[in-house]
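> For the sequence shown, position 207 (counting from the first letter as 1) is numbered 380 according to the numbering used here, and the numbering increases by one without interruption.
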Amino acid sequence: MAQPDREFAFSPADFERVRALIYKHAGISLSPVKQDMVYSRLARRLRARGDRTFAEYLDRAEREPDEWETFVNSLTTNLTSFFREAHHFDILAERLKKHAGRGPVRIWCSAASTGEEPYSLAITACEAFNTMTPPVQIVATDIDTNVLATAGKGVYGLDRVDRLSRERMQRFFLKGTGTQAGLARVRPELQRLIEFKRINLLDTHWSLQGPFDYMFCRNVMIYFDKPTQHTILKRFVPLLKSDGLLFAGHSESFLHAADLFRSLGRTVYERTDARDR
Numbered sequence: 174m175a176q177p178d179r180e181f182a183f184s185p186a187d188f189e190r191v192r193a194l195i196y197k198h199a200g201i202s203l204s205p206v207k208q209d210m211v212y213s214r215l216a217r218r219l220r221a222r223g224d225r226t227f228a229e230y231l232d233r234a235e236r237e238p239d240e241w242e243t244f245v246n247s248l249t250t251n252l253t254s255f256f257r258e259a260h261h262f263d264i265l266a267e268r269l270k271k272h273a274g275r276g277p278v279r280i281w282c283s284a285a286s287t288g289e290e291p292y293s294l295a296i297t298a299c300e301a302f303n304t305m306t307p308p309v310q311i312v313a314t315d316i317d318t319n320v321l322a323t324a325g326k327g328v329y330g331l332d333r334v335d336r337l338s339r340e341r342m343q344r345f346f347l348k349g350t351g352t353q354a355g356l357a358r359v360r361p362e363l364q365r366l367i368e369f370k371r372i373n374l375l376d377t378h379w380s381l382q383g384p385f386d387y388m389f390c391r392n393v394m395i396y397f398d399k400p401t402q403h404t405i406l407k408r409f410v411p412l413l414k415s416d417g418l419l420f421a422g423h424s425e426s427f428l429h430a431a432d433l434f435r436s437l438g439r440t441v442y443e444r445t446d447a448r449d450r
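1) Considering just the uninterrupted stretch of the beta strand (DSSP E) at D315, what are its terminal residues?
2) Thinking C-alpha only, which one of T445, E290 and V211 is nearest T253?
3) I'd like the span of the beta strand (DSSP E) that includes L356, first residue to last.
4) So what does DSSP say about G327, is it helix, strand or coil?
5) Under the rule that 16 or more other beta-carbon atoms within 10 Å means buried, what is G327, buried or exposed?
6) Pull up the distance between the alpha-carbon of S415 and that of Q310, whole angstroms please.
7) Of all the beta strand (DSSP E) runs that stay within the bounds of the region 202-262, which reach a length of 3 or more residues?
8) In this structure, how does DSSP classify A421 when only helix, strand and coil are distinguished?
9) Please classify I367: does DSSP put it in a helix, a strand, or coil?
10) When DSSP labels each residue in this structure, what does D386 get in the three-state scheme?
11) For G351 and A357, which I take to be in contact (beta-carbon distance under 8 Å), what is that distance rounded to the nearest angstrom?
12) Rounded to whole angstroms, what is the Cα-Cα separation between R236 and S247?
13) To the nearest angstrom, how far is the alpha carbon of L337 from that of I367?
Shown next as structure tokens:
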């Protein structure tokens with residue numbers, strides 16, 4: 174039943190329709206406890222578009238491509254920070270230091286969000302090769318076009334970078350002044366290492382070319398059910414080099430996909446068919 178203090182009626186049927194739509198088109202499995210979150214985020218769209226009911230709004234979203242994109246963006250959770258799960262970047266740095274002279278390194282960041290993760294990858298590469306022009310190419314993708322736009326700009330409030338060392342701030346960021354005070358922009362050299370593009374992991378075709386040396390797919394799979402995870406991981410295999418690494422989020426486990434990837438510990442995986450090291 175709709176709660177009396179809500180601006181719009183939101184029935185169990187409305188919620189189930191939202192769950193079905195976002196699962197079908199984005200693979201996201203919304204749990205029943207997300208009902209209030211869904212109402213809060215989509216009520217803003219009803220208000221903005223002048224729709225009187227959720228049924229009316231959802232009809233609009235299915236009918237209008239631009240609103241559909243906004244619908245997906247509204248339900249996508251984007252929690253990120255610079256050097257989140259820092260041990261992964263330590264592992265990557267050690268591998269990159271051993272890569273010198275072996276040609277360009279290719280990295281896919283499959284959940285770029287607002288850019289903190291791909292820029293952390295770029296910083297790690299610059300430090301590992303001790304140059305602002307390392308032989309590294311980073312493809313950073315996300316389903317949410319809004320966060321990709323933010324990522325492409327590379328501008329952050331100082332509260333987003335306050336945990337970075339002074340050395341990293343001086344080397345990799347430009348602090349804003351005047352009307353830009355309180356902001357920091359990543360240096361152009363970092364931006365040149367990254368290509369941002371939209372990819373839905375459920376799409377039948379991904380507009381990217383493998384193989385990659387490293388793939389970061391962190392804190393994404395938790396939104397998919399196990400069959401969907403396995404399907405995506407199966408598509409990852411040919412895109413990852415035989416000696417490459419796949420990095421997962423701290424709360425994710427791919428034990429159900431042991432036929433595809435095997436754990437190296439600390440949420441780092443290699444292809445199950447990788448040659449023995």
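Where a beta carbon is used, it is the ideal one built from N, C-alpha and C, also for glycine.
From the atom records:
1) In this chain, the beta strand (DSSP E) harbouring D315 covers V309 to D315.
2) Ranking T445, E290 and V211 by CA distance to the CA of T253 puts E290 first.
3) L356 to V359
4) coil
5) buried
6) 18 Å
7) none
8) strand
9) strand
10) strand
11) No, G351 and A357 are not in contact; Cβ-Cβ is about 14 Å, not under 8 Å.
12) 17 Å
13) 20 Å
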